[in-house]
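Numbering (the working numbering), first residue to last: 1 to 331.
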Amino acid sequence: MSQSIQQASRRTMMTASLGLAAAAAAAPFSAAAQGRPAAAKGVSAATGAAKSTAGSGFVTVQDGTQIFYKDWGPKTAQPIVFHHGWPLSSDDWDAQMLFFLGQGYRVIAHDRRGHGRSTQTDTGNEMDTYAADVVALARHLDLKNAIHVGHSTGGGEAIHYAARADAGRVAKVVLVGAVPPIMLKTAANPGGLPKEVFDGFRAALAANRAQFFHDVAAGPFYGYNRPGAKVSPATVENWWRQGMMGGAKAHYDCITAFSETDFTDDLRAVDLPVLVMHGEDDQIVPIADSALLSVKLLKNGVLKTYPGLPHGMATTHPELINKDLLAFFKA
Numbered sequence: 001m002s003q004s005i006q007q008a009s010r011r012t013m014m015t016a017s018l019g020l021a022a023a024a025a026a027a028p029f030s031a032a033a034q035g036r037p038a039a040a041k042g043v044s045a046a047t048g049a050a051k052s053t054a055g056s057g058f059v060t061v062q063d064g065t066q067i068f069y070k071d072w073g074p075k076t077a078q079p080i081v082f083h084h085g086w087p088l089s090s091d092d093w094d095a096q097m098l099f100f101l102g103q104g105y106r107v108i109a110h111d112r113r114g115h116g117r118s119t120q121t122d123t124g125n126e127m128d129t130y131a132a133d134v135v136a137l138a139r140h141l142d143l144k145n146a147i148h149v150g151h152s153t154g155g156g157e158a159i160h161y162a163a164r165a166d167a168g169r170v171a172k173v174v175l176v177g178a179v180p181p182i183m184l185k186t187a188a189n190p191g192g193l194p195k196e197v198f199d200g201f202r203a204a205l206a207a208n209r210a211q212f213f214h215d216v217a218a219g220p221f222y223g224y225n226r227p228g229a230k231v232s233p234a235t236v237e238n239w240w241r242q243g244m245m246g247g248a249k250a251h252y253d254c255i256t257a258f259s260e261t262d263f264t265d266d267l268r269a270v271d272l273p274v275l276v277m278h279g280e281d282d283q284i285v286p287i288a289d290s291a292l293l294s295v296k297l298l299k300n301g302v303l304k305t306y307p308g309l310p311h312g313m314a315t316t317h318p319e320l321i322n323k324d325l326l327a328f329f330k331a
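As structure tokens, then:
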């Protein structure tokens, strides 16, 4: 990475809102839950051909893209669908999935197109298509009364989907360190970030994606750049591993998707219970221009903030985040 790009990436990562997803931390799950996963459904008319193994599979959506998903737990239980953020995969929710599997829920997470094990798409890497892919997945798995939990870019995807979902498929939504209403500075959003910030991220990704991803994970994502922070090298490596599994073109395009999509109408349209969770020391998606604005647009929103916690708080403090998620699910 050139010195100018390196400096730009470090400077903007400290002040900018990147749509990223948090890595899941280890959590216990019951021994009884381990034997629950069943084989996924076969071909559905709505989504086309699919292949699966016990507890995971692929659904082929309208344009031929294959979306990888995990589906664990009793199929009669209430589903929880986890939406990861840029540039990661469904693996980022492993600890939450294991925890809630142990609580008796059906837990599902997918790799967004271009990310993880899904097709490395060169088109369709924008929010309307992301939401359409979730519509296809929900129909394929026949999900009803599901709770959708999205982190960072995944929070944008979750609320964008909820505003378009088939009737009866969504019960509640959780936005964790999420990018809505909009990250980009506009006339209507003067507190946002200028386009040049995101141009810098695109330049850094194109110049040396591997180094850029390492810098994000080792620095502001988990607050590892804070004095006295206890750094977990394995957590940094896992973040990097997930990011490098995806496609560079999809990751490049997704920067526009998470920074320029305006979710204002989605937030206003969703009248279901929505929990907005945000770390007050989030250096990636600063709370003032995200959660504090989103909750005002929601008809039935509740805000819960966490003093001193970073963007990746589901990894750094899973015992706290999982407890609060469970309370909201059961309310």
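Ideal Cβ placement from N, Cα and C applies to all residues, glycine included. Since this is a predicted model, take the numbers as computed values, not measurements.
DSSP places residue 326 within a helical segment (H, G or I) once states are collapsed to three. Less than 7 Å divides the Cβ of residue 223 from the Cβ of residue 310. Around the CB of residue 300, fewer than 16 other CB atoms lie within 10 Å, so the residue is classed as exposed. When the Cα atoms are used, residue 257 and residue 106 turn out to be separated by approximately 29 Å. The beta carbons of residue 173 and residue 162 sit closer together than 7 Å.
Assignment of residue 306 by DSSP, reduced to helix, strand and coil, places it in the strand class. With respect to the 7 Å criterion, residue 143 and residue 169 are classified as neighbours on the basis of their beta carbons.
In this chain, residue 263 is not harboured by any alpha helix (DSSP H), its DSSP state being neither H nor E.
Around residue 213, the same chain offers 240 and 243 as residues with beta carbons nearer than 6 Å, after the five sequence neighbours per side are excluded.
If you look at residue 66, you'll find it isn't in any alpha helix (DSSP H); it sits in the beta strand (DSSP E) that goes 66-72.
Taking the CA atoms as reference points, residue 82 sits about 6 Å from residue 148.
Distance from the Cα of residue 102 is smallest, within the candidate group 92, 77, 126 and 86, for 77. Between residue 318 and residue 264, the C-beta spacing is not below 7 Å. Excluding sequence positions up to five before and after residue 316, its CB lies within less than 8 Å of the CB of 25, 222, 223, 309 and 310, all in the same chain and listed in chain order. Residue 94 has its alpha-carbon roughly 11 Å from the corresponding atom of residue 110. In this structure, residue 249 places its C-beta atom within 7 Å of the C-beta atom of residue 122.
With respect to the C-alpha of residue 108, the residue from 73, 117, 87 and 132 having the closest C-alpha is 73.
Inclusion of residue 151 and residue 127 in the CB contact set at 7 Å is not warranted, their separation being larger than that value.
Collapsing the DSSP output to three states places residue 56 in a strand. With respect to residue 192, residue 289 sits close: the two C-beta atoms are nearer than 7 Å. Beta-bridge pairing by DSSP links residue 82 to 109 and 149. Looking at the DSSP output, residue 278 shares a beta bridge with 305. Residue 296: member of the alpha helix (DSSP H) spanning 291-297, first to last residue.
In the structure shown, residue 61 adopts coil according to DSSP, grouped into three states. The beta carbon of residue 298 is closer than 6 Å to those of 267 and 274 in its chain, skipping five residues each way along the sequence. Only residues of its own chain outside the window of five on either side were considered, and among them 224 have a CB closer than 6 Å to the CB of residue 231, listed in chain order. Straight through space, the alpha carbons of residue 261 and residue 209 are spaced by roughly 23 Å. Assignment of residue 75 by DSSP, reduced to helix, strand and coil, places it in the coil class. In this structure residue 277 is not in contact with residue 89, their Cβ atoms being roughly 21 Å apart against a cut-off of 8 Å. Under the criterion of beta carbons closer than 8 Å, residue 247 and residue 120 qualify as touching, at roughly 3 Å. Residue burial is scored here from C-beta neighbours: residue 237 has fewer than 16 other C-beta atoms within 10 angstroms and is therefore classed as exposed.
The alpha-carbon separation between residue 235 and residue 176 amounts to approximately 19 Å. Annotation: residue 98 is outside any beta strand (DSSP E); the continuous alpha helix (DSSP H) that includes it extends over 94-102. Across the structure, residue 295 and residue 211 are spaced so that their CA atoms are roughly 35 Å apart.
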